[in-house]
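Numbering (the numbering used here), first residue to last: 1 to 113.
C-beta: ideal position from N, C-alpha, C; glycine also.
Here is the structure we will look at, set down as structure tokens.
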Amino acid sequence: MTKYLISFPSAAMVVPEGELEAVGRDAAAVIDEAKAAGVYVFAGGIDEDVSPVLVSADGLVAEGGYPWAPPLDGGFTVLELPSREEAVAWAARIAKACRCEQELRVFGFDPRS
Numbered sequence: 001m002t003k004y005l006i007s008f009p010s011a012a013m014v015v016p017e018g019e020l021e022a023v024g025r026d027a028a029a030v031i032d033e034a035k036a037a038g039v040y041v042f043a044g045g046i047d048e049d050v051s052p053v054l055v056s057a058d059g060l061v062a063e064g065g066y067p068w069a070p071p072l073d074g075g076f077t078v079l080e081l082p083s084r085e086e087a088v089a090w091a092a093r094i095a096k097a098c099r100c101e102q103e104l105r106v107f108g109f110d111p112r113s
């Protein structure tokens, strides 16, 4: 089976006033369904209150992420599914719950994992 990353940047999630609680409830319900279906691997969001650091091979730590890259933020879900079609269906369920489009990516297979 293949692992899929379903994600969105923070700016994509524009929730109308008073709907944030419902979004949280709906998103949690989809995650619960993924767990019950046995396809859930991991989900969460980037903690935007904690700044990233770059760590070099010698252990040197520098504040901030890659200066040339867009910021990494938002929420993500990793599911393990038998087909891209099923991944698209789960991404649509998450999009409906979160009230925003989701980006779907495939993790490359690592035989050591």
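**Request:** To the nearest angstrom, report how far apart Glu103 and Ala91 are at their CA atoms.
**Result:** Working through the sequence shown from its first residue, we reach residue 103 at position 103. Working through the sequence shown from its first residue, we reach residue 91 at position 91. Roughly 8 Å between the two C-alpha positions.
**Request:** Taking the CB atoms as reference points, tell me whether Val30 and Ala97 lie closer together than 7 Å.
**Result:** Taking the first residue of the sequence shown as position 1, residue 30 is located at position 30. Taking the first residue of the sequence shown as position 1, residue 97 is located at position 97. Taking 7 Å as the Cβ cut-off, Val30 and Ala97 qualify as a contacting pair.
**Message:** For a minimum of 3 consecutive residues, which ranges assigned as the beta strand (DSSP E) are wholly contained in the stretch 2-56?
**Reply:** 2-8, 40-45, 53-55
**Prompt:** Looking at Lys3 and Phe76, is the spacing between their C-beta atoms short of 7 Å?
**Reply:** For the purposes of this step, residue 76 is taken as the residue at position 76 of the sequence shown. For the purposes of this step, residue 3 is taken as the residue at position 3 of the sequence shown. Cβ distance not < 7 Å, so Phe76 and Lys3 don't count as in contact.
**Request:** Let me know if Ser7 comes out buried or exposed under the rule of 16 or more other beta-carbons within 10 Å of its beta-carbon.
**Result:** As a position in the sequence shown, residue 7 is number 7, starting the count at 1. Classification for Ser7: buried.
**Request:** List the residues that DSSP assigns as beta-bridge partners of Glu85.
**Result:** By 1-based counting over the sequence shown, the position of residue 85 is 85. DSSP output for Glu85 lists no bridge partner at all.
**Request:** Assign Val117 to buried or exposed, taking buried as 16 or more other Cβ atoms, counted over all protein chains shown, within 10 Å of its Cβ.
**Result:** Residue 117 lies beyond the stretch modelled for the chain, which goes from 1 to 113, so this question has no answer here.
**Gly74, buried or exposed, once every other Cβ within 10 Å from all chains shown has been counted against 16** = The residue you call residue 74 lines up with position 74 of the sequence shown. With 16 or more other Cβ atoms within 10 Å, it is buried.
**Cβ-based burial, Leu60 [other Cβ within 10 Å; buried from 16]** = Position 60 of the sequence shown, counted from the first residue, corresponds to residue 60. Exposed, by the Cβ-count rule.
**Message:** Using CA atoms only, rank isn't needed, just tell me which of Ala57, Phe42, Val55, Ser51 is closest to Leu81.
**Reply:** As a first step, residue 81 must be located in the sequence shown, where it is residue number 81. Leu81 has its Cα closest to that of Phe42, out of Ala57, Phe42, Val55, Ser51.
**Request:** Verify the contact flag: Val88, CB atom, against every heavy atom of the ligand PLP, threshold strictly below 6 Å.
**Result:** The ligand content of the structure shown is nil, which means the ligand PLP is not present either.
**Prompt:** Taking C-beta to C-beta, are Val53 and Glu63 nearer than 7 Å?
**Reply:** Within the sequence shown, the letter at position 53 stands for residue 53. Within the sequence shown, the letter at position 63 stands for residue 63. Taking 7 Å as the Cβ cut-off, Val53 and Glu63 qualify as a contacting pair.
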